[in-house]
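Colleague:
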Amino acid sequence: MEKRSIYNWKNNLLGNKSKLYNNATLIGSLESNDWTLDANVSIRSDQYSFKNKGLFNPYTEIRNKQGELIGDIEYNNWTGGATISLIDKNTNGVN
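Numbering (the numbering used here) for the sequence shown: 6 to 100.
1. Buried or exposed, going by whether 16 or more other CB atoms sit within 10 Å of the CB of Thr88?
2. Go through the segment 10-95 residue by residue and report every complete run of the beta strand (DSSP E) that reaches 3 residues or more, in order.
3. State yes or no: is the C-beta of Asp43 within less than 9 Å of the C-beta of Asn57?
4. Whose C-alpha, out of Tyr53, Asn13 and Ile75, is nearest the C-alpha of Ser37?
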């Protein structure tokens, strides 16, 4: 059987701050801006920013602390789901 990592989060009462967990271990936090819905994310010692873009086809850019684009999140309005794609720096492709 393959080993799976399970990620989840818990929001504060206002919903603008979240704690991120891998299985039961706290690994980071997410703090969102109420006006733009953009967020600053900390995972272990890494820092990321999530910037929302698009009006009719919304998506979110994921950038590292140097401001480099490392991935995006595309939303499916019909299912309420999303797809996260990360740029693979080793092959210059997208996972």
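For each residue, glycine too, the CB sits at the ideal point set by N, CA and C.
Modeller: Result, derived from the coordinates:
1. A residue is called buried when at least 16 other Cβ atoms come within 10 angstroms of its Cβ; Thr88 does not meet this threshold and is exposed.
2. 12-16, 22-27, 30-37, 44-48, 51-58, 64-69, 74-81 and 86-93
3. Result yes, Cβ atoms of Asp43 and Asn57 sit closer than 9 Å.
4. Just measuring C-alpha positions, the residue of Tyr53, Asn13 and Ile75 sitting nearest Ser37 is Tyr53.
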